[in-house]
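Counting in my numbering, the sequence shown runs from -11 upward without gaps. Beta carbons: idealized from backbone N, C-alpha and C, even for Gly. Take a look at the structure set out below.
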Amino acid sequence: MHPATHPTRRRLDAALAELTTVFRGMTAHPDEVNCTCHWGSEEELALLKVPDVEVDPDLLRRTWQAVDWTDHGAVLRRVLPQFAAALVAGRVDPLFGLEEAGDSFARGRWQRWPDVQAGAVREFLHAWWAQSLADPDAAVPAHQVMAMCAEASGTVAPWLAVWERETGPLSDRRLVEAAEEWEYELLGDGLPWYVNWYETDEDRMSAELAAWLHGHAAARLRAMGAPQELVHRIELLALTGDARWTHPHWPGHRY
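Right, here's the structure in full:
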């Protein structure tokens, strides 16, 4: 199947087009400022106050990563269509992980935007997540998209619900990849991605993710013939305290 004809890619393309339509004409607040020594020049700041003009990749990165905008939501709306397209294409290079992009969405408080705007963002996130699980040509690993969507929305529940329904071979392979990436931090009772947004309930998300993995994913991993050591590590998430650390299958992780 040609990449452009995959159903999830068509949905994602439609969501990206909707972002462009909905956020056309957006600009940063006229009085927005930032440090010329650390963020960028006056000319670059002025460009954010002009609508519908693409910015260069470095300026885009500095714009979404900055945490000190007076009106982060307005700045995010200004660059959102270009930012979303860069995310999907795998052209965003955060310092720690793609969850940083989710933090940028969270700082913009997109869920409080007008319904049409919030709806367009929500559909983009869900369309991208669906594509990451089902499209073999997805540019970004599913576990990274999951971290971004979880941080952007403040919850893991809707993304795990989709994954539970999506049980094809590719989605199962993505599950193995995610389990391999996540088991170390989860066995230490931590969230397996970098968290910065102060309103994120890290403990709750970590507990929900661990519960889903040992309650749903462990059986799925066994059924698809995942490495036995990995299955054992995911099953250990059902245990706590000494029962986990002293179990014969404890992998010897040190924290």
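Sub-8 Å separation of residue i and residue j beta-carbons
i: A72; j: A127; result: no
i: A312; j: W52; result: Here the chain covers residues -11 to 243 and nothing more, so residue 312 does not appear.
i: R208; j: L175; result: no
i: Y251; j: H241; result: Look at the range of the chain in this structure, -11 to 243, and you will see that residue 251 is not part of it.
i: T(-4); j: A122; result: yes
i: H17; j: D59; result: yes
Nearest residue (CA-CA) to residue i, options the options
i: H114; options: P129, D56, D103 and S141; result: S141
i: Q119; options: A3, Q70 and H237; result: A3
i: L167; options: T228, A130 and N184; result: The question names Leu, but residue 167 is Ala in the sequence shown. When only C-alpha atoms are compared, the closest one is A130.
i: P215; options: T155, R161 and L7; result: R161
i: S29; options: L197, L47, D125 and W200; result: L47
i: W117; options: V104, W101 and M136; result: M136
i: H220; options: G213, H237 and D230; result: H237
i: E1; options: R97, E154 and L75; result: The sequence shown places Asp at residue 1, not Glu. Selected option, being the one with the closest Cα: L75.
i: V67; options: W170, L7, A211 and G213; result: L7
Whole-angstrom C-beta distance between residue j and residue i, which should lie under 8 Å
i: D40; j: R12; result: 6 Å
i: Q132; j: G85; result: 7 Å
i: G178; j: S194; result: 6 Å
i: T15; j: V38; result: 7 Å
i: A145; j: E196; result: 6 Å
Extent of the continuous alpha helix (DSSP H) run through residue i
i: H220; result: Q216 to E223
i: R(-3); result: P(-5) to V10
i: M212; result: No alpha helix (DSSP H) holds M212; DSSP gives it neither H nor E.
i: V164; result: P157 to L175
i: P180; result: Premise fails: P180 is in no alpha helix (DSSP H) and is neither H nor E.
i: W151; result: A145 to R153
i: G255; result: With the chain covering -11 to 243 only, the question about residue 255 has no answer from this structure.
i: C137; result: A130 to S141
Spatial neighbours of residue i in its chain, beta-carbon cut-off 6 Å, leaving aside the 5 residues before and after
i: R232; result: L224
i: M(-11); result: In this prediction, M(-11) has a pLDDT of 47, which is less than 50 and means its spatial position is unreliable; what the coordinates show is noted afterwards. Same-chain partners within the cutoff: there are none.
i: S92; result: W52
i: M134; result: W147
i: R65; result: F11 and M14
Chain-order list of residues whose beta-carbon lies under 7 Å from that of residue i (same chain, five-residue window excluded)
i: H204; result: E152
i: R50; result: W27 and G28
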